[in-house]
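K.L.:
Starting off with a structure, shown below.
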Amino acid sequence: MAKISKRELNYRVDFTKMTLTMTADFADKAYNPATDEYEILTRLKKDFPNLRIVRKTHRSPKTANPAKGLTYERMEKYIRLHENADELLDLFQKVQSAGRGYPYVKAWFVKQFPNYNDIPNFVNGKLRIVEPVEVPNAEENEELAEAG
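In structure tokens form, the structure reads like this:
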């Protein structure tokens, strides 16, 4: 009998918690009486009537994506909060018109405003002046697009 790795195994039984955790693939196959999965499931349910069955879901990422939900509209709204919003918006327009797509614009925005996700400190209803990051040249263009 060939050894099966945990990665290939579509189910796991924890006898201390009395749970059977199975993948969606295993669950789908277990509906067909002609499959090994059906045999395994019925045998386990017969042998352990208190066994609780749980479907395995995907793993959540360990770190949240800070740029999730960052749209052009949200970028523009954030830029408008700054004292030098006109200058920053002009630069934002240049980056957008470079025609490199959303990943490039997002990478520029995150580079320009590394703390955009932090709670802002307003002075007289505006955020502090931010020194603009220049629009990258062609070589930096590729790096920014790949980083985003």
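Add 21 to a position in the sequence shown, counting from 1, and you land on the number used in the working numbering.
Glycine is no exception: its CB is placed at the ideal position from the N, C-alpha and C atoms.
A quick note: this is a predicted structure, and the numbers were derived from the prediction, not measured.
Between the segment 88-103 and the segment 60-71, do at least 3 Cβ pairs fall closer than 8 Å?
P.N.:
Judged by Cβ distances under 8 Å, the segment 88-103 makes no contact with the segment 60-71, as fewer than three pairs qualify.
K.L.:
So, helix, strand or coil for residue 96, using DSSP?
P.N.:
Here residue 96 sits in helix by DSSP.
K.L.:
Per DSSP, residue 40 forms a beta bridge with which residues?
P.N.:
DSSP, once it has assigned bridges, lists 35, 73 as partnering residue 40.
K.L.:
Please give the ranges of any alpha helix (DSSP H) in the segment 108-134, keeping only runs that are unbroken, at least 4 residues long and fully inside the region.
P.N.:
Listed in chain order, they are 123-133.
K.L.:
Is DSSP giving residue 62 helix, strand or coil here?
P.N.:
Helix at residue 62.
K.L.:
To the nearest angstrom, how far is it from the Cα of residue 74 to the Cα of residue 53?
P.N.:
Whole-angstrom Cα-Cα distance: 17 Å.
K.L.:
Could you please give the first and the last residue of the uninterrupted alpha helix (DSSP H) stretch that includes residue 83?
P.N.:
Where residue 83 is concerned, there is no enclosing alpha helix (DSSP H), given that its DSSP letter is neither H nor E.
K.L.:
Just the C-alpha distance for residue 154 and residue 114, rounded to the nearest angstrom, thanks.
P.N.:
Going from the Cα of residue 154 to the Cα of residue 114 covers about 13 Å.
K.L.:
Quick check: the Cα distance between residue 151 and residue 136, rounded to an integer number of angstroms?
P.N.:
For residue 151 and residue 136, the distance between alpha carbons rounds to 11 Å.
K.L.:
Determine the direct distance from the alpha carbon of residue 129 to that of residue 118, and round the result to whole angstroms.
P.N.:
Taking the straight line from one Cα to the other gives about 13 Å.
K.L.:
Whole angstroms is fine: what's the gap from residue 121's alpha carbon to residue 46's?
P.N.:
The alpha-carbon atoms of residue 121 and residue 46 are separated by roughly 39 Å.
K.L.:
Smallest Cα separation from residue 107: which of 147, 127, 140?
P.N.:
The shortest Cα separation from residue 107 among 147, 127, 140 belongs to 147.
K.L.:
Using the C-alpha atoms, what's the distance from residue 109 back to residue 88?
P.N.:
Rounded to whole angstroms, residue 88 to residue 109 spans 19 Å at the Cα level.
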